[in-house]
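Asks: Protein chains in written order, with this note's numbering: chain W, 1 to 221; chain R, 1001 to 1234; chain A, 2001 to 2276. Note that the Cβ used here is the ideal one computed from N, Cα and C, for glycine as well. For clarity, every value in this text was computed on a predicted model and none was experimentally measured.
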Amino acid sequence: MDLLNSRHLTPQDGYAHPFHQPGEFVYSALLSDSERATESGIIIVGGEGAPEGKGRQYDIVFHWDAAARRFVPREADIKLTIRPNDFVVFQFDAAVPGQPPCFILIQGEESVEGDSRRLKTHDAYTHFFLIPGEYAYRLGEATYRISVADHRSMSEQEHQRQTKQPLVIMVNGNNVDVPHGRIVAGQSAIWAVARGENVHVEGITGEPKQPGDDGQYTTAQ
Amino acid sequence: MALTLGHHVFAGLHEDAVNKLLRAYQAARPKYFFYACPPLGAGTPSIDFWILPPLPVPGTNSGIPFSVRILRARVDFVPADAGLALPAPLALGANQFAVLLTIEVCFMCGLLIEIPVPRETERNKEGRQPAPRHDERPHIECARLSIWAVGHPISTSNSHGGRDIGLRVDHIVVKDVGALEPLFECYFETMLNSLLDALRYPVERFALGAFGSLGLVDGPRIADDQLKVWADIF
Amino acid sequence: MDTTLAVSEGGINVVLKKAIALAHTSSHDTATWGPFFASYTASVALAGGTATLENAPANKLDLAGVNVSGAITGSIGFDLGLILPHICIPPVRVCIDLGWFGEFCTPQFCITWPHADITLSLPFAFNLDVSFGFRVDDLGSQWGIVLLIDPFSPRFDLTPMGPVIIAAIQAEVTSKLSGIPGIGPLLADLINTVIGAFTGVVSLVIGAFGALINAVLSLLDLLNVSIPFTLLKFDKQQTFIPANVPLGGDAPVNLTLAALTANVLDHELIAEGQLA
């Protein structure tokens, strides 16, 4: 089974954060709080803002430097200039042996702008499902499920068709609009926080499989 | 194929080796070459010589010490060595060996050793006088005899499930002993065969226990101055 | 000469047959060719063979048609990450219109290729013809008639192992990669990339196997070029009549085998000894 935990990001995960306000922000991919927040890079937000809902995506890709024991972004990502309402999707290159999970911290001059461990309104967490199985996760106080089918149980054509669409799970407070998602290995799920504070997705291992299903798969709107 | 003649192994022991063996035997076990009644024996009894009882003298209840010693023994395998002159009727034929012995017989004259005779002992009880003894000083008288014998090789089963090879005398001639010849020939043929019996050799250990398990399949046969055996390896 | 021992070619064959039945051994080695790491053992055993004797002055023993059989066992491991290209899936990014974000494209997952392993079980067999010279060696308390093998180059062809290994690699890579979703259309090319990488070193791999087989053969006592093989041993002290035979207390009657020679005459091995 995959490691599914928004507080411990692996190369299968992504953390998306829109920048609504101008400013200069420092971002880092860290292993723990005790690690000194050595900055990985800078995001400068300025200029005329993009219309809401029409922001541009910027990808910051980390790779693990085993010798230095830190996450390093691509050369071009070290200094990024974007407009208000653009968004950054933090993600990872191929895993390296010994690579630990991490979290992303975005710091403004005065305060924390974003923390992948505590998703808030308009943040998103993505997970690329690699291994099929029955996944259960906790979000807030409730437990939800995602059934991931084996890609070998269908034709290549059917698989390609299904993976063209990610599973979008809207999070409102502590509720999700797709309590039981059904996808296939090779497909991604996006937890988009429409409204919330300190949201995290925590996979539960060892939970017995439920024979019946109690949810419907719905596409994101 | 010249020597093995279709078998796995051929082994031949030359007559020179047998003669070396006889000399080694005499050095290791001197008693087999010297039989004596104690005053005549030299060295340790049962090691350097076999103990013989005294030779009973008729008319006395005593015996004279005597000894028999093999001074020299020599074996000749067919073909006969040059200079081997076997007295008639002996002749060295195929598969035969000749053995030449020089034997010395000695008496210790003048010394009588009492021999317990059951009938005489009872009469002693009747108060009979002991036999008179000579007051002649004891002295040793010896005679040397030349003995020729001819025989053939034999193989017999041994206690280890294998075979022993050995020599057996068929005819013996003792020269220059006049009318005693048949008596001496009988005596010494018996003695010689029992000695040769002690010389039996297990062929499986025949100098060459190099093969693991070996079994005698032909021989022993004497020819070309050698004692020959053939064996197969198991 | 005091004693003569002759062994026929038939007898020599019996003795050698026992030695050949005991001739089996193995050896291990490792090697790396690019991304491929092999850990392998070659084991061999001998069987059969017919011995003939060449008369003096050659004084040789020819052993023809000895069957060498054995197997190469072990494994070849390879890190697919060192062979396969950097691939992220899905190859075309999935993008949707997502609320307040706008057009949102999910991150691609960049594959960490796994390590793969195949096990080897490659039998082989070939025939060998070798020649030996004779010598008498002083072994301390014994004389030995020893065989000295002439240098030999076994001829064998292991190229049929190549396709077998390639098939195993193909099966392993297919098995390892088929569990990764989204690379279906790429699978055939990826497998061919691995096969291509291995095909570039297959002759080196087979060469290394062959070198180990040669090394193992020389470990066998009978085939060791440096160490003579003792064919027959004779105690220097020959006990013709043992102790206590025929009577307890009788000393043993010993003669010493003082010298020994060995030659081939009339296709028989003739050893002649002098006693003292």
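#1: Spatial neighbours of Ala124(W) within its chain, please: C-beta separation below 6 Å, excluding the five flanking residues on both sides.
#2: Which residue's Cα is closest to the Cα of Ala1088(R): Asp1197(R), Val1174(R) and Asp1224(R)?
#3: Flag this pair as touching only if the segment 174-181 of chain W and the segment 2199-2206 of chain A have three or more C-beta atom pairs under 8 Å; answer yes or no.
#4: Along the segment 1025-1054 of chain R, what residues have a CB closer than 7 Å to any CB found in chain A?
#5: In whole angstroms, what separates the C-alpha of His2086(A) from that of Cys2110(A)?
#6: Closer than 6 Å by C-beta to His1007(R): which residues in its own chain qualify, once you throw out the five before and the five after it? Chain order, please.
#7: Whole angstroms are fine: how far does the CA of His20(W) sit from the CA of Met154(W)?
#8: Quick one: list the residues of chain W neighbouring Glu2103(A), beta-carbon separation under 8 Å, in chain order.
#9: Can you tell me where the beta strand (DSSP E) holding Gln1226(R) begins and where it ends?
#10: How is Ile2267(A) classed by DSSP in three states: helix, strand or coil?
#11: Nearest by alpha-carbon distance to Leu2222(A): which of Thr2004(A), Cys2088(A), Pro2151(A) and Leu2187(A) is it?
#12: Residues of chain R with a CB under 9 Å from the CB of Phe2126(A): which are they?
#13: Answer yes if the segment 2033-2045 of chain A comes into contact with the segment 2246-2254 of chain A, meaning at least three C-beta pairs across the two stretches below 8 Å, and no otherwise.
#14: Over what stretch of residues does the beta strand (DSSP E) that includes Pro18(W) continue unbroken?
#15: Sorted by chain position, which residues of the same chain lie with C-beta nearer than 8 Å to Glu2009(A)'s C-beta, five sequence neighbours on each side aside?
#16: Hey, could you find the ends of the alpha helix (DSSP H) Leu2016(A) is sitting in?
#17: Got a sec? Which residues, its chain only, sit under 8 Å from Ile42(W) by beta carbon, not counting five neighbours each side?
#18: Rounded to the nearest angstrom, what separates Val1169(R) and Leu1092(R) at their Cα positions?
#19: Counting pairs of beta carbons, one from the segment 2082-2099 of chain A and one from the segment 2154-2165 of chain A, are three or more of them closer than 8 Å?
#20: From the DSSP output, which residues share a beta bridge with Asn2254(A)?
#21: At the level of alpha carbons, what is the spacing between Gly2184(A) and Thr205(W)?
#22: Name, going along the chain, the residues of the segment 1160-1190 of chain R whose beta-carbon falls closer than 9 Å to a beta-carbon of chain A.
#23: Just to confirm, are Thr2003(A) and Ala1002(R) a CB contact at a threshold of 8 Å?
#24: Quick one: list the residues of chain A neighbouring Gly14(W), beta-carbon separation under 8 Å, in chain order.
#25: Work out the CA separation of Arg1074(R) and Ala1024(R) for me, nearest whole Å.
#26: Are the beta-carbon atoms of Pro2114(A) and Lys2017(A) separated by less than 8 Å?
#27: Report all residues from its chain with a CB closer than 6 Å to the CB of Arg1128(R); omit the five preceding and five following residues, and keep chain order.
#28: Using the Cα positions of Leu2120(A) and Gly2144(A), report the straight-line distance between them to the nearest angstrom.
#29: Buried or exposed: where does Asn85(W) fall if 16 or more other Cβ atoms within 10 Å of its Cβ makes it buried?
#30: Please report whether the beta-carbon of Phe2309(A) lies at a distance below 8 Å from any beta-carbon of chain R.
#31: Spatial neighbours of Leu139(W) within its chain, please: C-beta separation below 8 Å, excluding the five flanking residues on both sides.
#32: Return the bridge partner residues of Asn2113(A) from the DSSP annotation.
Replies: If we stick to the structure as given:
#1: In the first sequence, residue 124(W) corresponds to position 124, counting from 1. The answer, listed in chain order, is Ala16, Ile190 and Ala192.
#2: For the purposes of this step, residue 1088(R) is identified with residue 88 of the second sequence, where counting begins at 1. For Ala1088(R), the nearest C-alpha among the options comes from Val1174(R).
#3: The answer is no - the segment 2199-2206 of chain A does not touch the segment 174-181 of chain W, with fewer than three Cβ pairs under 8 Å.
#4: Tyr1025, Ala1028 and Arg1029
#5: Here residue 2086(A) refers to the residue found at position 86 of the third sequence. Here residue 2110(A) refers to the residue found at position 110 of the third sequence. So the alpha carbons of these two residues sit roughly 7 Å apart.
#6: Reading the second sequence from its first residue, position 7 is the one you call residue 1007(R). Here the set comprises Val1217, Trp1230 and Asp1232.
#7: In the first sequence, the residue the question calls residue 154(W) occupies position 154. In the first sequence, the residue the question calls residue 20(W) occupies position 20. Rounded to the nearest angstrom, the two C-alpha atoms are 42 Å apart.
#8: Your numbering for residue 2103(A) matches position 103 in the third sequence. Those within 8 Å of Glu2103(A) in chain W are Gln57.
#9: In the second sequence, counting from the first residue as 1, residue 1226(R) sits at position 226. Looking at the DSSP string, the run of the beta strand (DSSP E) that includes Gln1226(R) is Gln1226 to Ile1233.
#10: For this step, residue 2267(A) is matched to residue 267 along the third sequence. Going by the sequence as given, residue 2267(A) is His instead of Ile. Note: His2267(A) maps to coil in three-state DSSP.
#11: The sequence position of residue 2222(A) within the third sequence is 222, counting from 1. Leu2222(A) has its Cα closest to that of Pro2151(A), out of Thr2004(A), Cys2088(A), Pro2151(A) and Leu2187(A).
#12: If you number the third sequence from 1, residue 2126(A) lands on position 126. Correct list: empty, because the minimum Cβ distance to chain R is about 29 Å.
#13: Touching, no.
#14: In the first sequence, the residue the question calls residue 18(W) occupies position 18. Counting along the chain, the beta strand (DSSP E) containing Pro18(W) begins and ends at Asp13 to Pro18.
#15: In the third sequence, residue 2009(A) corresponds to position 9, counting from 1. Counting only Cβ-Cβ distances below 8 Å, and skipping sequence neighbours, we find Ala2051, Thr2052, Leu2053, His2267 and Glu2268.
#16: Along the third sequence, one-based indexing puts residue 2016(A) at 16. Per DSSP, Leu2016(A) belongs to the alpha helix (DSSP H) from Glu2009 to Ala2021.
#17: Along the first sequence, read from residue 1 onward, the residue named residue 42(W) stands at position 42. So the qualifying residues of the chain are Glu24, Phe25, Val26, Tyr27, Ile78, Lys79 and Leu80.
#18: For this step, residue 1169(R) is matched to residue 169 along the second sequence. For this step, residue 1092(R) is matched to residue 92 along the second sequence. Whole-angstrom Cα-Cα distance: 12 Å.
#19: No, because fewer than three Cβ pairs between the segment 2082-2099 of chain A and the segment 2154-2165 of chain A fall closer than 8 Å, the two stretches do not touch.
#20: Within the third sequence, numbered from 1, the residue matching residue 2254(A) stands at position 254. Within the DSSP bridge table, the entry for Asn2254(A) names Thr2239(A) as partners.
#21: For this step, residue 2184(A) is matched to residue 184 along the third sequence. For this step, residue 205(W) is matched to residue 205 along the first sequence. Those two C-alpha atoms are separated by around 29 Å.
#22: In summary, no residue of the segment 1160-1190 of chain R has a CB separated from any CB of chain A by less than 9 Å.
#23: Residue numbering aside, residue 2003(A) sits at position 3 when the third sequence is read from its first letter. Residue numbering aside, residue 1002(R) sits at position 2 when the second sequence is read from its first letter. Not in contact: Thr2003(A) and Ala1002(R) (Cβ atoms no closer than 8 Å).
#24: For the purposes of this step, residue 14(W) is taken as the residue at position 14 of the first sequence. By Cβ distance, chain A contributes Thr2106 and Pro2107.
#25: The count along the second sequence starts at 1 and reaches residue 1024(R) at position 24. The count along the second sequence starts at 1 and reaches residue 1074(R) at position 74. When rounded, the separation of the alpha-carbon atoms in Ala1024(R) and Arg1074(R) is 13 Å.
#26: Walking along the third sequence from the start, residue 2114(A) turns up at place 114. Walking along the third sequence from the start, residue 2017(A) turns up at place 17. Going by C-beta atoms, Pro2114(A) is not nearer than 8 Å to Lys2017(A).
#27: Position 128 of the second sequence holds residue 1128(R). Because the pLDDT at Arg1128(R) is just 48, under 50, the model does not fix this residue reliably, and the point stays unresolved.
#28: Here residue 2120(A) refers to the residue found at position 120 when the third sequence is read from its first residue. Here residue 2144(A) refers to the residue found at position 144 when the third sequence is read from its first residue. Taking C-alpha positions only, Leu2120(A) is separated from Gly2144(A) by approximately 42 Å.
#29: Here residue 85(W) refers to the residue found at position 85 when the first sequence is read from its first residue. With 16 or more other Cβ atoms within 10 Å, it is buried.
#30: Limits of chain A in this structure are 2001 at one end and 2276 at the other, which puts residue 2309(A) out of reach.
#31: Start at 1 with the first residue of the first sequence, and residue 139(W) comes out as number 139. Only Val171, Asn174, Val176, Trp191, Val199, His200, Val201 and Glu202 meet the Cβ criterion.
#32: Taking the first residue of the third sequence as position 1, residue 2113(A) is located at position 113. Correcting the residue type first, residue 2113(A) is Trp in the shown sequence and not Asn. The partner list for Trp2113(A) (beta bridge, DSSP) is empty, contrary to what the question assumes.
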